[in-house]
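For reference, each letter of the sequence shown is one residue, going 1 to 341 in the numbering used here. Note that CB positions come from ideal geometry on N, CA and C, so glycine has one too. None of these values were measured; they are calculated from a predicted model. Worksheet for the structure shown next.
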Amino acid sequence: MGDPAGIGPEISIKAFQKKSLYEKCNPLLVGDKSIVESYLEKYPEFNMKVNAITTPEDGLYEWGTMDVIDLASVDADKLKIGEVSKEAGNAAYLYVEKVIDLALKGKVDATVTNPLNKEALNLAGHHFAGHTEIYGELTNTNKFSMMLADGDLRVVHVSTHVSLREACDLVKKERVLDVIKIAHQACVKLGIENPRIAVAGLNPHCGENGLFGTEEIDEIIPAIEVAKNQGINAIGPLPADTVFSKARGGMYDIVVVMYHDQGHIPLKLLGFVFDREQNKWKEVSGVNITLGLPIIRTSVDHGTAFDQAGSMTASEISLENAIDYGVQLANNVDLEAKGLV
């Protein structure tokens with residue numbers, strides 16, 4: 001459900017209302033039944049029933065009914081929609097903790113997360129930078145990375161939620177090589193044979209042979225060479241000001257980026273469309289996927305939108321994209337387990 005004070009509950013309802021969702025998977029929501037019911041009561045045009053369950057086996061998985069694993073972690077009557085609170089932050093953490101547990105036990109095939117608020121999360125005493133770090137700790141995974149995707153444009157990050165100054169220091173051969181490998185594995189799991197992996201430079205013009213920085217020479221190029229020697233089709237380093245347009249045009253299957261905004265800005269420029277005439281977001285698309293985990297985790301590529309929460313106007317497109325990626329990855333994992341791929 002994500003932070004129950006954000007837009008997670010309403011975009012979940014919008015996604016679950018579509019019959020097409022049930023044609024591709026058996027969806028269930030981990031959250032609070034009372035929150036869902038409060039929205040359905042306020043917006044009766046979303047004509048659905050709520051089936052509160054404790055385990056996935058109890059789900060009906062019938063269009064017109066939302067199966068909700070009810071953690072009863074917040075009081076819908078007391079929760080202030082659109083505001084940061086430790087109560088909502090704690091609930092969001094409990095939802096994530098639950099889905100990870102279900103996935104590790106093999107009770108679900110994939111997990112999809114709605115947005116949480118980092119301030120609320122930390123107010124509740126859960127000191128994580130975000131979903132990615134929670135998944136890393138609770139699955140006991142050290143080598144993981146964030147991938148963003150919008151259609152065929154995909155980026156995977158060497159670092160994410162750190163300062164820009166620290167991000168530069170984290171561009172090391174070992175980490176860059178790990179992320180190249182993770183990117184390669186992700187593409188293979190998505191059904192891409194011999195993926196073409198573009199590796200972005202850190203500095204302007206990839207450092208111009210050391211004139212604008214030496215990270216490319218000292219760290220990035222050595223990592224690419226090792227990856228090539230291991231049979232990975234890694235290309236670069238490539239200037240960040242042109243690599244994304246090339247990837248979007250089909251030259252590359254995925255781009256390894258060196259820090260948070262280097263990857264986020266092109267993806268959100270493509271997927272976030274603001275209607276200047278109506279002064280509101282027309283479309284918010286894109287998916288966030290955590291790679292390197294023993295379980296599947298995809299997510300919306302946007303925040304809690306507290307300024308919009310409760311109005312039932314938020315777009316569910318990113319959530320639908322995330323579900324589609326989760327289904328695709330789960331199906332490919334199933335085929336792999338059966339020896340069919």
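In the three-state scheme derived from DSSP, where H, G and I count as helix and E and B as strand, residue 30 is classed as strand.
Rounded to the nearest whole angstrom, the C-alpha separation of residue 240 and residue 42 is 47 Å. A distance below 6 Å between beta-carbons, with the five flanking residues on each side excluded, links residue 259 to the following residues of its chain, in chain order: 159, 167. Rounded to the nearest angstrom, the gap between the Cα atoms of residue 59 and residue 69 is 9 Å. Fewer than three Cβ pairs drawn from the stretch 104-124 and the stretch 36-51 lie within less than 8 Å of each other, which leaves the two stretches out of contact. Scanning its chain for C-beta atoms nearer than 7 Å, with the 5 sequence neighbours on each side dropped, one finds around residue 175 the residues 158, in chain order.
Rounded to whole angstroms, the separation of the alpha carbons of residue 10 and residue 61 is 19 Å. As DSSP reads the structure, residue 113 sits in a beta bridge with 299.
With respect to the 8 Å criterion, residue 198 and residue 238 are classified as neighbours on the basis of their beta carbons. Shown here for residue 228: same chain residues with a beta carbon closer than 7 Å to its own, the five before and five after excluded, namely 234 in chain order.
With 16 or more other CB atoms across the displayed protein chains lying within 10 angstroms of its CB, residue 126 is buried. Contact check for residue 200 against residue 255 passes: the beta carbons are separated by less than 8 Å. Residue state for residue 290 is assigned as strand, using DSSP reduced to three classes. Note on geometry: alpha-carbon atoms of residue 86 and residue 225 lie some 47 Å from one another.
Spatial neighbours of residue 123 in its own chain (CB-CB distance under 6 Å, excluding positions within 5 residues in sequence) are listed in chain order as 86, 89. Counting along the chain, residue 173 sits inside the alpha helix (DSSP H) bounded by residues 173-189. Across the set 72, 202, 191, 296, the C-alpha of 296 shows the shortest separation from the C-alpha of residue 105. The beta-carbon separation of residue 81 and residue 309, rounded to 5 Å, stays under the 8 Å limit for a contact.
With fewer than 16 other Cβ atoms from the protein chains shown falling within 10 Å of its own Cβ, residue 273 counts as exposed.
The beta carbon of residue 257 is closer than 8 Å to those of 155, 156, 157, 158, 200, 240, 263 in its chain, skipping five residues each way along the sequence. Among the bridge pairs identified by DSSP, residue 145 is matched with 291.
Taking all protein chains shown into account, residue 101 has fewer than 16 neighbouring C-beta atoms within 10 Å of its C-beta and is therefore exposed.
In the structure shown, residue 322 falls within a helical segment according to DSSP collapsed to helix, strand and coil. Following the DSSP letters along the chain, one finds residue 65 inside the beta strand (DSSP E) bounded by residues 65-70.
Taking the C-beta atoms as reference points, residue 291 is found nearer than 8 Å to residue 182. Residue 218 sits in a helix when the DSSP states are folded into three classes. About 29 Å separates the Cβ atoms of residue 120 and residue 179, ruling out a contact at the 8 Å cut-off. The alpha-carbon separation between residue 329 and residue 169 amounts to approximately 33 Å. Note on geometry: alpha-carbon atoms of residue 78 and residue 304 lie some 19 Å from one another. Non-local C-beta neighbours of residue 64 in its own chain, meaning closer than 7 Å and more than five positions away in sequence, comprise 48, 49, ordered along the chain.
For residue 241, the enclosing alpha helix (DSSP H) covers residues 240-248. Under the three-state reduction of DSSP, residue 165 is assigned to helix.
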